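J.: I'd like to ask some things about the structure below.
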DNA sequence: GGCGTCTCTGTTAACGCTAACAAAAATTGG
DNA sequence: CCAATTTTTGTTAGCGTTAACAGAGACGCC
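Listed below in structure tokens is the structure:
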């Protein structure tokens, strides 16, 4: 099959120049006469010529593709990040190749990275929110541009993160400001850095207010686990404020509280994290923390591109601050 | 930078064979002595050799990459599909390159497809739920393996779809079976085939029951638009059953009904579509229709691979039936 | 034992592009 | 107007792989 399209030589012949001149036009090389440039462009248009990325990648050793390794791209956070990354990359002329992995263990990550490397991607973005992912990155070839998102802050790897701590602190403080005596927390899985950061921020806010943090209740990001925690919280009369590690957990909590007849926000206030598009339509509308995924994507890509261009593998670090979005799920406690 | 890794010739030298023999081992060519094969494999392992996809793509004219064009990969449906596609492709040794587009108009789609073509992808999957996307596909080079998902049923292009009509019919029938006299519908945007199919199925079920379908209320997939429609429905005393084109619309409707004090399911029953993971934790838990994204992904990929291998561009068609998931948002009407 | 027929391995030539160098053309200065 | 530059263009040689063909052994058969 496959009648192969025209190649550079075909364009060159039509324009009456050498293929190298065509290459120069394509790559925006300065020393080409304007008239020649136009002739070449015309020939390109006439033939519908499309440069062959594989050939270019072969000779330059780099493709115009960025590999992304992520776990569950169905979750709102990762999905948004991926979409934003793709948009930003496209603007820079890069394609994005996804390598999602079922588990964030060592082997899976390495395998995904390997796959990307054999396609000679220009760089790799790893959305690596868990501990075990970090190890896999340590033994990577050192000359591959790499950026991790929401990864391990303690590793010497270029990293872009949402400021989980600040976000959680803001959420907790918002509840304290409303007059609550303490704030309970439904956390994400504790091997995720995101969770750890959010627990930290929550704890910091309580300690700063001279309060003793109650034990966090561990969830797994799902509404189901939020529901289970909510069933416990509903039975504890002293609970008046809950901060959940994400909006889906909050949904589960809201549902459990509703079932137990505990009204939100009148009896119990709830704050989530992520600001999924639906959060404004929960019952009641959910106060939550909105991370700026676009900003994270831009920062990551910029960091990656500067590595690709300069060749230096500096261990930079960048943090994006999230914003509190106040809605109706928070109110002062009843006396 | 970039100390380039070992190439085939390096492996060959170490194993004491020609590079072509290495190539044969790599591609599973039959006529290689077992002993030689082992020597080569050992050399590959020792050097940490990784084949260069770009070189292979150059000489074969095809990469091991599948391009996916999708619109909003943040929505649950597309995101799930993308993830499933990636998983399936990985099992077959293919990488997936995403080209998401902001709008599903002609130009955007063509541009995304162009980008994929210049990377010489082996095939393209277009998640093309709207009318305008179809046109862009017509003028594609005929020799590129292509599969559309949820695309235009009237176009002669290989197509995999969720059976929207059957799903909507099942949802509507479920409400009728519960005793409702008619069923209202909050639809998706009417330029999406998904929406059209769901409207059709809903209408079919009503007509088959000898009922006159009320006018569908147009939404845009978002909870916000569901909320707006819900506000209207809440004020219409005759409404006892609503089928929404997706779960997020349903969430908005539930919220509006709640605000107006109309209880679900006692006064009004609601059925959604998609079975997002949170649907079971809505208030009340949402009865909905679950499309099998994995099955769609498998079917698409299989169709694409058979085109890639055989070179024939047959205009196949495959439909995946969704399943009704009954929860608590449906009850018989009060008399 | 010679000869065709397998099975295995090696040699050579692409694939389409960029980098490095070489040559030609245009420009400048005296 | 000629030499010395500078700009513009062309030529050649790979990049790492597969495909096509060629050669070398091993084997069976007459």
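Residue numbers (this note's numbering), protein chains in the order written: chain D, 846 to 1180; chain G, 846 to 1180.
Glycine included, C-beta positions come from ideal geometry on N, C-alpha and C.
Given the structure is predicted, the values throughout are model-derived calculations rather than measurements.
According to the Cβ coordinates, are residue 970(G) and residue 1006(G) closer than 9 Å?
T.: Their beta carbons are not under 9 Å apart, which means residue 970(G) does not touch residue 1006(G) by this criterion.
J.: Does the segment 1094–1114 of chain G come close enough to the segment 1061–1077 of chain G that 3 or more CB-CB pairs lie under 8 Å?
T.: The segment 1061–1077 of chain G vs the segment 1094–1114 of chain G: in contact.
J.: Strictly under 9 Å for the Cβ-Cβ distance: is residue 1147(D) near chain G by that measure?
T.: Residue 1147(D) does not count as touching chain G.
J.: On the CB-based measure, 16 or more other CB atoms within 10 Å of its CB, does residue 1052(D) come out buried or exposed?
T.: Looking at its Cβ environment, which holds fewer than 16 other Cβ atoms inside 10 Å, residue 1052(D) is exposed.
J.: Below 7 Å on C-beta distance, what does residue 1010(D) contact in chain G?
T.: Correct list: empty, because the minimum Cβ distance to chain G is about 25 Å.
J.: Which residues of chain D have a Cβ atom closer than 7 Å to the Cβ of residue 1123(G), listed in chain order?
T.: The contacting residues are 1068, 1093, 1096.
J.: With a CB to CB cut of under 6 Å and the five nearest residues on each side skipped, what residues in its chain are close to residue 957(D)?
T.: Here the set comprises 914, 944, 946.
J.: For a quick check, are the C-beta atoms of residue 1029(G) and residue 1003(G) less than 9 Å apart?
T.: Taking 9 Å as the Cβ cut-off, residue 1029(G) and residue 1003(G) do not qualify as a contacting pair.
J.: Is DSSP giving residue 851(D) helix, strand or coil here?
T.: The answer is coil: DSSP assigns residue 851(D) none of H, G, I, E or B.
J.: Would you list the residues sitting across from residue 1017(D) in a DSSP beta bridge?
T.: Beta-bridge pairing links residue 1017(D) to no other residue.
J.: Which chain G residues are close to residue 919(D), counting only those with a beta carbon under 7 Å from its beta carbon?
T.: Those within 7 Å of residue 919(D) in chain G are 924, 925, 928.
J.: Going by beta carbon distance, what residues of the same chain come within less than 7 Å of residue 1109(D), once the five residues before and after it are set aside?
T.: If we look at residue 1109(D) and ignore the five residues flanking it on each side, its Cβ neighbours are 1099, 1102, 1115, 1129, 1174.
J.: Starting from the beta carbon of residue 931(D), find every residue of chain G whose beta carbon is closer than 8 Å, and list them in chain order.
T.: Within 8 Å Cβ-Cβ: 918, 943, 944, 945.
J.: Would the segment 1160–1171 of chain D and the segment 1135–1153 of chain G be scored as touching if the rule is three or more Cβ pairs under 8 Å?
T.: Flag = no, the segment 1160–1171 of chain D and the segment 1135–1153 of chain G do not touch.
J.: Would DSSP call residue 947(D) helix, strand or coil?
T.: Residue 947(D) falls in the coil class under three-state DSSP.
J.: Output yes if chain G places a C-beta closer than 9 Å to the C-beta of residue 829(D); else output no.
T.: Lying outside 846 to 1180, the shown extent of chain D, residue 829(D) is not represented and no answer is given.
J.: In angstroms with no decimal places, state the Cα-to-Cα distance between residue 1178(G) and residue 1083(G).
T.: Taking the straight line joining both Cα atoms gives about 11 Å.
J.: Do we get a CB-CB distance below 9 Å when we pair residue 1128(G) with the residues of chain D?
T.: Cβ-Cβ to chain D under 9 Å: yes for residue 1128(G).
J.: Just how far apart, CA to CA, sit residue 1088(G) and residue 1031(G)?
T.: So the alpha carbons of these two residues sit roughly 6 Å apart.
J.: Which residues in the same chain as residue 926(G) place their Cβ atom closer than 7 Å to its Cβ, once the five residues preceding and following it in sequence are excluded?
T.: So the qualifying residues of the chain are 972, 994, 1138, 1141, 1142.
J.: Give the DSSP-derived three-state secondary structure of residue 1062(D) in the structure shown.
T.: Of the three classes helix, strand and coil, the one that applies to residue 1062(D) here is strand, per DSSP.
J.: By the 10 Å Cβ neighbour count, where 16 or more other Cβ atoms means buried, how is residue 883(G) classified, buried or exposed?
T.: It counts as exposed.
J.: Rounded to the nearest angstrom, how far is the Cβ of residue 1176(D) from that of residue 1023(D), given a contact under 8 Å?
T.: Rounded, the Cβ-Cβ distance is 7 Å, consistent with contact.
J.: What first and last residue would you give for the beta strand (DSSP E) that runs through residue 1047(D)?
T.: Where residue 1047(D) is concerned, there is no enclosing beta strand (DSSP E), although the alpha helix (DSSP H) it sits in stretches over 1038–1053.
J.: Do we get a CB-CB distance below 9 Å when we pair residue 899(G) with the residues of chain D?
T.: So, interface residue.
J.: For the beta strand (DSSP E) that residue 904(D) lies in, which residues bound it at each end?
T.: No beta strand (DSSP E) contains residue 904(D), which is instead part of the alpha helix (DSSP H) from 898–905.
J.: Closest to residue 1019(G) by CA distance: which of 1068(G), 1133(G), 941(G), 864(G) is it?
T.: Ranking the options by Cα distance to residue 1019(G), first place goes to 1133(G).
J.: Look up residue 1168(D) in the DSSP assignment and say whether it is helix, strand or coil.
T.: Residue 1168(D): strand per DSSP, three-state reduction.
J.: Using CA coordinates, which residue listed in 1026(D), 1161(D), 968(D) is at the minimum distance from residue 912(D)?
T.: Checking every option, the nearest Cα to that of residue 912(D) belongs to 968(D).
J.: Excluding the 5 residues flanking residue 1062(D) on each side, which residues of the same chain have their C-beta closer than 8 Å to its C-beta?
T.: Cβ neighbours of residue 1062(D) beyond the five flanking positions: 1029, 1030, 1031, 1032, 1074, 1077, 1078.
J.: Taking residue 1088(D) as part of the beta strand (DSSP E), name the residues at either end of that continuous run.
T.: 1086–1089 is the span of the beta strand (DSSP E), which, as asked, contains residue 1088(D).
J.: If you pair each beta-carbon of the segment 896–908 of chain G with each one of the segment 875–882 of chain G, do three or more pairs fall below 8 Å?
T.: Taking 8 Å as the limit for Cβ pairs, the verdict is that the segment 875–882 of chain G does not touch the segment 896–908 of chain G.
J.: Beta-carbon of residue 963(D) versus every beta-carbon of chain G: anything under 9 Å?
T.: It does: the Cβ of residue 963(D) has a partner Cβ on chain G nearer than 9 Å.
J.: Of all the CB atoms in chain G, is at least one closer than 9 Å to the CB of residue 909(D)?
T.: Closer than 9 Å to some Cβ of chain G, the Cβ of residue 909(D) qualifies, so yes.
J.: For residue 1103(G), which residues in chain D fall below 7 Å Cβ to Cβ?
T.: 1128, listed in chain order.
J.: Could you check whether the Cβ of residue 979(D) sits closer than 9 Å to any Cβ belonging to chain G?
T.: Chain G contact via Cβ: absent.
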